[in-house]
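Residue numbers (UniProt numbering): 1 to 615. Using N, Cα and C, we set each Cβ at its ideal position, and we do this for glycine too. A short worksheet on the structure shown next.
Next comes the structure, spelled out in structure tokens:
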């Protein structure tokens, strides 16, 4: 496919080919529906049909032979009264004759309705075109009212929508080639029949195509726009996916054709039926994806980034400048040295990227100032494709001593370290904890691998039993769901309350009562908690980490118009929270000074409630 930019003759847009299947409104013809193999513009963000982009700037029309019709654009949102079909449509683009002051919509300009059809698909008799409206008469095919021009059988006194006359009563589709699909009214289906389209997931009104044998349904739009044969640039898989239109009753170990229904979809993790078309990887013999899932907007990225400058492509996060010496992008003024052994634990010594204490593993340390990175954090990729967006995320380093507190979109935690930021405007900041999660996600808290999903209803996390915000890691077979905060909990950690290393315990069934060594309140052992195998102590996760564990102690953060300090809670007397009036029990708290009054906050909710009330 040609990937060169296309310059529209009537607008100064630089467009790129976008082979993605998407339901959107075409910027040119203003028709909302399925767009495949069209064009995409990054600025402004618009989609266009391929045939609309390639419209000629001037046409000679049989309806108006005396003058050529010019492709015209009018700024704003105007209605076009088409002199040919007599319909008024919202349109910015149309064909017009400046001499005769007439307008013709794009459809009538390029594909004008013939005055008569001798052998229509929808009827046994010839049909004639009627410009006059027939609002009280339903279309014989879809049974909906006719609001504009129509075709009519004068002998039978039947009327048809212009768009319905070419609909066949029976079609063969690559997604379901075992049986033909029949054109039926949606109201004729029973409650047990599948009424949603297999490809786009929408529930069509009026008419649809249905297979009663397999209970399989497609809408009219997906009938007209079948899935592409090959899908490339799929963010959930590294190889191109090839569409196989029908079931194959054996599994080939060489080419990886679909087997008899034993595969699970690589996107939604549900079973892939052999009787419905799906995409399979020719390299990986056990990977298959539903045709609907492979062409989803959040799965297939198309080529939206082509034509945009990407200066960090293939750039490493650091340069090696000597033996165990690097110059990291986030600390370019000094070199960092790798320390492999003899790391002394100090709660005040924390990684600039993730905000967690330096306690296990190897680190990079600046010998001229207090800048430290975990080795794994120093190797975080500068550019990464995450499942939360089709566009790649860019790694950004920390700010100055006074910085704006960031709020992770996925786990809801404040953080001041490195962030992954998407080029999509609707995407917010993501901290490196959530940004480092990959699938399949293997965790001691569950027997099976977990995969990302977006919640469709209110669901509790199996680890903390709190309501999941948006994205989660789940096991569909076991109905196990894990929020991203719990998925990124450190498996081992130190705490000032215990001289030993604490280990994350992923819940257990117990008859006796457990008590937290920090807050001294009862602990629910079915929730995840930290335990000390040396002395047998148990601790709440929230008491060990708290809501501010990803903020760098010692720095100040800007929140709205206020400056707040991030401080350790390591004095002999714990301060009182200014909102909930309880002793602050977590290791890191927030401090706000106004004149001679000092406020302390022990949790995110206390902090936000105070400033909400304060304003």
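Whole-number beta carbon distance between residue j and residue i, since they are thought to touch under 8 Å
i           : j           : result
residue 49  : residue 29  : 7 Å
residue 420 : residue 432 : 7 Å
residue 266 : residue 289 : 5 Å
residue 189 : residue 176 : Wrong, their Cβ atoms sit about 16 Å apart, outside the cutoff.
residue 434 : residue 408 : 6 Å
Buried or exposed by the 16-neighbour rule on C-beta atoms within 10 Å, applied to residue i
i           : result
residue 582 : exposed
residue 418 : buried
residue 429 : buried
residue 36  : buried
residue 456 : exposed
residue 485 : buried
residue 517 : buried
residue 38  : buried
residue 593 : exposed
residue 467 : exposed
residue 359 : buried
Residues sharing a beta bridge with residue i, DSSP
i           : result
residue 137 : For residue 137, which the question treats as bridged, DSSP gives no partner whatsoever.
residue 24  : 33
residue 475 : 480
residue 597 : 594
residue 515 : 522
residue 172 : Its beta-bridge partners do not exist; DSSP assigns none.
residue 152 : 128 and 159
residue 280 : 242 and 288
residue 546 : None; residue 546 has no bridge partner.
residue 103 : 96
residue 18  : 38
residue 264 : 271
residue 505 : 529
residue 576 : 583
residue 460 : 467
residue 211 : 216
residue 13  : Per DSSP, none; premise fails for residue 13.
residue 90  : 79
Inter-residue spacing [alpha-carbon to alpha-carbon] between residue i and residue j
i           : j           : result
residue 64  : residue 83  : 10 Å
residue 394 : residue 384 : 7 Å
residue 540 : residue 522 : 9 Å
residue 108 : residue 85  : 7 Å
residue 599 : residue 578 : 6 Å
residue 198 : residue 111 : 30 Å
residue 356 : residue 207 : 58 Å
residue 382 : residue 70  : 49 Å
residue 322 : residue 366 : 14 Å
residue 122 : residue 98  : 38 Å
residue 337 : residue 377 : 14 Å
residue 281 : residue 25  : 31 Å
residue 47  : residue 91  : 15 Å
residue 131 : residue 149 : 5 Å
residue 141 : residue 79  : 28 Å
residue 489 : residue 525 : 17 Å
residue 15  : residue 55  : 14 Å
residue 269 : residue 316 : 33 Å
residue 612 : residue 413 : 18 Å
residue 690 : residue 566 : Examination of residue 690 is not possible in this model, given that the chain is present from 1 through 615 alone.
residue 120 : residue 192 : 33 Å
residue 216 : residue 446 : 35 Å
residue 326 : residue 320 : 4 Å
residue 514 : residue 520 : 10 Å
residue 469 : residue 482 : 11 Å
residue 262 : residue 293 : The predicted position of residue 262 is uncertain, since its pLDDT is 45 and thus under 50; no value can be drawn from it.
residue 551 : residue 473 : 24 Å
residue 353 : residue 318 : 14 Å
residue 272 : residue 174 : 15 Å
Beta carbon of residue i nearer than 8 Å to that of residue j
i           : j           : result
residue 561 : residue 591 : no
residue 389 : residue 422 : yes
residue 528 : residue 543 : no
residue 374 : residue 351 : yes
residue 532 : residue 500 : yes
residue 362 : residue 339 : yes
residue 151 : residue 117 : yes
residue 113 : residue 94  : no
residue 185 : residue 136 : no
residue 214 : residue 239 : no
residue 460 : residue 450 : no
residue 554 : residue 587 : no
residue 160 : residue 181 : no
Any non-hydrogen atom of the ligand MG closer than 7 Å to residue i Cβ
i          : result
residue 85 : The ligand MG is not part of the structure shown, which contains no ligands of any sort.
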